[in-house]
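Going by my numbering, 58 is the number at position 58 of the sequence shown; the sequence numbering is gapless. Note that the Cβ used here is the ideal one computed from N, Cα and C, for glycine as well. Please read these numbers as outputs of a predicted model, since none were measured by experiment.
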Amino acid sequence: CWPKKPADKQVVIKYLSEKFVSNKLYSEKEVNEIIRKFHSFNDIPLLRRELISRKFLYRKDDGSEYWKS
């Protein structure tokens with residue numbers, strides 16, 4: 001389940017971010033597939049948003065491309 005403590009959330013999101021390659025472009029589908037492989041919490045959109053809001057991943061405004069800088 002999704003942790004309650006902010007520090008624990010940060011650990012989870014940092015772990016997920018390490019599954020992405022820097023300077024590679026990903027589609028939303030690819031991002032979702034990577035998240036799906038490495039989590040047991042069943043809310044992929046929440047985890048994707050967390051990766052973006054914590055600046056581990058970036059995305060185009062239209063959501064067509066994602067990347068780790």
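Within a 10 Å sphere around the beta-carbon of residue 57 sit 16 or more other beta-carbons, which makes this residue buried. In the three-state reduction of the DSSP assignment, residue 64 falls in the coil class, being assigned neither a helical nor a strand state. Between residue 1 and residue 8, the alpha-carbon positions lie close to 11 Å from each other. For residue 33 and residue 12, the gap between their C-alpha atoms comes out near 16 Å. Proximity to residue 62 across 46, 27 and 37 peaks at 27, based on C-alpha coordinates.
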